[in-house]
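Just below is one structure, and these are the notes that go with it.
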């Protein structure tokens with residue numbers, strides 16, 4: 004089994020582990036209702052209004 008010739012520094016380990024974080028969705032406040040919603044998605048009120056139009 005291969006073993007490293009030198010000890011890996013804390014900064015190298017940190018740089019490698021940097022990409023394993025959890026990314027949270029971008030939230031924005033809806034102008035009409037004031038509720039938080041995921042950006043570029045319909046809010047619950049917009050879905051309701053769209054269904055009433057049809």
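Residue numbers (the working numbering): 4 to 57. Note that beta-carbon positions come from the ideal geometry of N, C-alpha and C, so glycine has one too. Every value quoted in this text rests on a predicted model; they were computed, and no experiment measured them.
(message) Can you look up residue 41 in the DSSP assignment and give me helix, strand or coil?
(response) strand
(request) Determine, using beta carbons only, whether residue 31 and residue 18 come nearer to each other than 8 Å. (result) no
(request) Starting from residue 15, follow the alpha helix (DSSP H) in both directions and report where the run begins and ends. (result) 13-20
(message) Restricting to Cα atoms, I'd like to know which of 12, 47 and 29 is closest to residue 37.
(response) 47
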